[in-house]
Structure formats: structure tokens, C-alpha cells
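Numbering (the UniProt record's numbering), first residue to last: 1 to 162.
Built from N, CA and C at the ideal position, the CB exists for glycine as well.
Because the structure is a prediction, the values reported are computed rather than measured.
Quick notes on the structure that follows.
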């Protein structure tokens with residue numbers, strides 16, 4: 001793990017991911033600009049090639065870069081971004097030898113399933129959707145996302161009625 005951090009840390013995140021956006025909202029509220037900066041991969045102006053990656057690589061896991069050019073990704077990017085925001089105590093279990101393998105496995109599962117979580121409410125839904133015009137066009141949304149959410153809610157209601 002990287003030990004000689006040079007601030008600021010630049011965190012590259014997917015602003016279209018509802019869970020990711022929730023985490024970024026917390027980090028933005030706590031972080032100071034001289035410690036943590038943010039780059040939204042979903043911004044049309046972002047060019048992954050300019051930082052030496054493809055868009056697919058950047059979207060496959062969280063990436064962060066220290067001021068000295070050192071990259072960290074995955075759980076290490078999460079750990080260092082929370083430390084940069086002054087929330088290191090909350091993220092400390094990510095660095096513990098006994099818990100790290102479990103968190104690694106959970107993170108890999110999250111990365112695999114993250115694209116299928118687009119149906120979750122976005123924390124900035126009101127800012128992104130005005131007058132039925134959303135930043136994400138209906139054509140770009142997962143086809144079954146609303147029906148799956150509806151089925152899940154219906155299944156829960158049926159179980160509760162039993």
C-alpha cells in the first residue's frame with residue numbers, strides 16, 4: 001500500500017452511479033480542496049486517455065491519483081479518499097489485515113454488479129431531472145430496471161401478506 005501520500009488526491013468517480021454519488025456527496029461535504037479533488041467520469045469533457053487509461057478501465061473500479069502521480073485504485077482509492085476527507089477512522093477496517101480480504105471480495109462483487117444498480121434513486125435526482133428531462137436519457141437507462149424494482153417491491157409485499 002502507498003505510504004508517502006502527497007496531497008491533493010484526485011478521485012475519479014462515476015457520477016451516474018447512485019451509490020457512488022452518495023459516497024462522493026459525503027466526501028465533498030467533509031473534504032478540503034487542498035486534500036481531495038473530484039473528477040466525474042460521466043462528464044462529457046472527461047477523456048480517460050488523457051490520464052493513461054481507457055474509459056472501461058476507469059469505470060471498472062475507483063481510481064485516484066496523488067499529486068506526485070502515484071495511482072491507487074479499488075479499495076485503496078476508497079481508503080485514501082476517506083482519509084483525505086478526514087474520515088479515515090470510518091475507513092480504517094479497509095486496511096486491517098484480517099478484514100481486508102473480505103472487503104476485497106465485497107468490492108469485486110460490487111464492481112461486477114454496479115452497472116445493474118442504475119435503478120437506485122440518485123442523490124441529486126432533483127438536480128439531474130427537470131421537467132421530465134434527465135441527464136440520462138430514457139434510451140440509455142437499463143430496459144428492465146424499473147420492472148425489476150417493481151417486481152422486488154411486489155415480492156416483498158406478497159411475503160409480508162403471508
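Top-ranked residue by Cα proximity to residue i, from the options
i: residue 78; options: 97, 24 and 54; result: 24
i: residue 39; options: 32, 30 and 63; result: 63
i: residue 34; options: 56, 102 and 11; result: 11
Endpoints, the beta strand (DSSP E) within which residue i is located
i: residue 36; result: 36-40
i: residue 73; result: 71-73
i: residue 65; result: 63-65
Pairwise C-alpha distance: residue j and residue i
i: residue 140; j: residue 16; result: For residue 140, the predicted model reports a pLDDT of 44, less than 50, meaning its position is unreliable; a value from the coordinates is still stated below. Near 11 Å, if we compare the C-alpha coordinates of residue 16 and residue 140.
i: residue 51; j: residue 99; result: 31 Å
i: residue 137; j: residue 58; result: Residue placement at residue 137 is flagged as unreliable, the pLDDT there being 42, under the threshold of 50; the coordinate-derived value follows with that caveat. If I take the Cα positions, the gap works out to 22 Å.
i: residue 65; j: residue 76; result: 11 Å
i: residue 108; j: residue 9; result: 23 Å
i: residue 86; j: residue 49; result: 30 Å
i: residue 68; j: residue 6; result: 6 Å
i: residue 92; j: residue 44; result: 34 Å
i: residue 111; j: residue 89; result: 23 Å
i: residue 114; j: residue 105; result: 14 Å
i: residue 165; j: residue 97; result: No information on residue 165 is available, as it lies outside the stretch 1 to 162 that the chain covers here.
i: residue 46; j: residue 70; result: 20 Å
C-beta contact flag for residue i and residue j at 8 Å
i: residue 27; j: residue 81; result: yes
i: residue 13; j: residue 36; result: no
i: residue 61; j: residue 74; result: yes
i: residue 163; j: residue 21; result: Residue 163 is absent from the structure shown; the chain starts at 1 and stops at 162.
For residue i, the residue or residues it bridges with in DSSP
i: residue 13; result: 40
Residue i at chain B interface by Cβ criterion, 8 Å
i: residue 75; result: Structure shown: chain B not included; a single protein chain is present.
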